[in-house]
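A.B. asks: Numbering (the numbering used here), first residue to last: 1198 to 1688.
The beta carbon of each residue, even a glycine, is placed where N, CA and C say it ideally should be.
Handing you a structure now.
Written as structure tokens, this is what we have:
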């Protein structure tokens, strides 16, 4: 008989018991006798089976009493399944534990919670080891960028077959550094854009039209305006100066007329700016629709048009805020109609810009295709190809950067999820252990309450019998006293 477990291990799933029986002798008729051994760590000596065996009673009594008992649930030699259950007074059965005997060795069958915890913990450990191993291969170099270096990666000797002068430049600068420099230059140009004017784009467009048999019209002259417009906060300097002087001298309470005049002046400035922006946006959209030139010029024009649309949207929001400050409600039909009209015009401009971009992109492709197939402009063809390659490289670099950032964020999220699932697993394991202990305590308390109920019933019966005996003795005493008095009096 061997019990394989250490003193520190308290989990019954890690315990096995080898009975002193020969495994070949076990059968469905004697396996329960083998299991109900006092040396078995899974056997409860306070169960009904032990009481029946000590009192040498029949096993049929187990079906009429209530308490903890062991039964043979399944038999398929050499496998036997034994269940520990609690039989209640109303003959309801509650399963407590299952045990199986295979090859003459007794094990405790795990419950669903233990199986789920074990599988989940093994999966989490495997995922964590995979992430740790992938993280160990992650490298970064300023000349090569991000890459993975494996332990057993075969080394390949590089043989330089180029004999041109460009090999010296390739040794100095790698492909990653070239792409990185292009990306940095693009970011700097976006943060600090040059002062572009639409005159250059119009001249380029007119040159492109001349080379493509003069198919388009001239750009409108009203769109060529680079003067900065005054902001609403800096507009109306005369009313603002008069308002400030009045507030300093007399206070804000006595200068309400000047404050209102300055606010109305600002509203009028915003109205004029909205009208001017709407006109310029429509002219730009018309020019983009009939534009025939390179894709770079088209992108610059579209960027300028979008900037003006965004500035128009900001002005509309500022105009709404000014209306709220001036306490102009929606009941004012003129102001409300003005805001609604320009909001609709803004949406129509966006839709017209999308349609114009589609038409202009087709025209730009046709223009570049015509330049490529023409034989007289080889320098322009080379320049267009060079610009196209540079733009493709920029797009590829931006897409790779976005993909890298998304993968990094995904890796962090998966690591956080694994950590959270591990914490949840530990909480589930602790809660399942607490529930199991509480179940055992409840069963013990129920048996204790049942035993105390029996004792109370027995005490009540004994109390009744004691009172009856005392009453009889008291009656005999009274009869004896009456008899003695009668004898003495009559004597």
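Can we say the stretch 1292 to 1307 touches the stretch 1587 to 1596, given the rule of at least three CB pairs closer than 8 angstroms?
C.D. replies: no
A.B. asks: Which ranges does the beta strand (DSSP E) cover as unbroken runs of at least 3 residues, wholly within the stretch 1481 to 1561, from first to last along the chain?
C.D. replies: none
A.B. asks: Considering only C-alpha positions, which residue in the set 1226, 1385, 1645 and 1318 is nearest to residue 1273?
C.D. replies: Closest in alpha carbon position to residue 1273, among 1226, 1385, 1645 and 1318, is 1226.
A.B. asks: Within 10 angstroms of the Cβ of residue 1556, are there 16 or more other Cβ atoms? Answer buried if so, exposed if not.
C.D. replies: So residue 1556 counts as exposed.
A.B. asks: Between residue 1393 and residue 1541, what straight-line distance do the alpha-carbon atoms span, to the nearest angstrom?
C.D. replies: Interpretation of residue 1393 is limited by its pLDDT of 46, a score under 50 that renders its predicted location unreliable; the figure taken from the coordinates is listed afterwards. Rounded to whole angstroms, residue 1393 to residue 1541 spans 29 angstroms at the Cα level.
A.B. asks: Where does residue 1348 land, buried or exposed, given buried means 16+ other C-beta within 10 angstroms?
C.D. replies: exposed
A.B. asks: Return helix, strand or coil for residue 1348, following the three-state DSSP convention.
C.D. replies: DSSP places residue 1348 in the coil class of the three-state scheme, outside both helix and strand.
A.B. asks: Based on Cα-Cα distance, which residue from 1228, 1265 and 1218 lies nearest to residue 1241?
C.D. replies: 1265
A.B. asks: Among 1477, 1487, 1514 and 1481, which has the Cα closest to the Cα of residue 1467?
C.D. replies: 1514
A.B. asks: Give me the Cβ distance between residue 1629 and residue 1310, rounded to the nearest whole Å; I'm assuming they're in contact under 8 angstroms.
C.D. replies: 4 angstroms
A.B. asks: Just to confirm my understanding: we take residue 1553, look at its own chain, exclude 5 residues before and 5 after, and list those with CB closer than 7 angstroms. What are they?
C.D. replies: Contacts found: 1482, 1485 and 1486.
A.B. asks: In the DSSP assignment, what residue or residues form a beta bridge with residue 1336?
C.D. replies: 1344
A.B. asks: From the beta carbon of residue 1662, is the nearest beta carbon of chain B less than 8 angstroms away?
C.D. replies: As a matter of chain content, chain B is missing from the structure shown, which is built from one protein chain.
A.B. asks: Within the same chain, show all residues whose beta-carbon is closer than 7 angstroms to that of residue 1282, passing over the 5 residues directly before and after it, in chain order.
C.D. replies: Exclusion of the five residues before and after residue 1282 leaves 1266, 1268, 1290, 1291, 1292 and 1293 as the residues of its chain whose Cβ lies within less than 7 angstroms of its Cβ.
A.B. asks: Per DSSP, what kind of secondary structure is residue 1620 in: helix, strand or coil?
C.D. replies: Helix at residue 1620.
A.B. asks: If residue 1279 and residue 1232 are in contact, beta carbons under 8 angstroms, what's the gap, nearest whole angstrom?
C.D. replies: 5 angstroms
A.B. asks: What separation, rounded to the nearest whole angstrom, lies between the Cα atoms of residue 1381 and residue 1617?
C.D. replies: Rounded to the nearest whole angstrom, the CA to CA distance from residue 1381 to residue 1617 is 38 angstroms.
A.B. asks: Going by DSSP in three states, residue 1273 sits in which element: helix, strand or coil?
C.D. replies: strand
A.B. asks: Rounded to whole angstroms, how far is the Cβ of residue 1188 from the Cβ of residue 1246, which I believe are closer than 8 angstroms?
C.D. replies: No answer is possible for residue 1188: it lies beyond the span of the chain, which begins at 1198 and ends at 1688.
A.B. asks: Report the rounded CA-to-CA distance for residue 1687 versus residue 1679, giving the unit in angstroms.
C.D. replies: 12 angstroms
A.B. asks: Which ranges would you report for the alpha helix (DSSP H) in the stretch 1229 to 1265 if only whole runs of at least 4 residues count?
C.D. replies: 1245 to 1251
A.B. asks: Taking only three categories from DSSP, how would you classify residue 1293?
C.D. replies: It is a strand residue.
A.B. asks: Within 10 angstroms of the Cβ of residue 1672, are there 16 or more other Cβ atoms? Answer buried if so, exposed if not.
C.D. replies: exposed
A.B. asks: May I ask you to list the residues that DSSP assigns as paired with residue 1278?
C.D. replies: 1271 and 1297
A.B. asks: Helix, strand or coil: which one does DSSP assign to residue 1222?
C.D. replies: Reduced to three states, the DSSP call for residue 1222 is helix.
A.B. asks: In the structure shown, what three-state DSSP assignment does residue 1287 receive?
C.D. replies: coil
A.B. asks: Check whether the Cβ atoms of residue 1478 and residue 1509 sit closer than 8 angstroms, and answer yes or no.
C.D. replies: yes
A.B. asks: Which partner residues of residue 1213 appear in the DSSP bridge assignment?
C.D. replies: 1304
A.B. asks: Is it right to say residue 1257 is buried, meaning 16 or more other beta carbons lie within 10 angstroms of its own, or is it exposed?
C.D. replies: exposed
A.B. asks: Residues in its own chain within less than 8 angstroms of residue 1474 by CB, not counting five upstream and five downstream?
C.D. replies: 1505, 1508, 1509 and 1512.
A.B. asks: Can you grab the Cα-Cα spacing for the pair residue 1287 / residue 1643, in whole Å?
C.D. replies: Spanning the two alpha carbons is a distance of roughly 14 angstroms.
A.B. asks: Since residue 1318 and residue 1334 should fall inside the 8 angstroms C-beta cutoff, what is the C-beta to C-beta distance between them, to a whole number of angstroms?
C.D. replies: About 25 angstroms; that fails the 8 angstroms criterion.
A.B. asks: Hey, how far is the Cα of residue 1685 from the Cα of residue 1674?
C.D. replies: 17 angstroms
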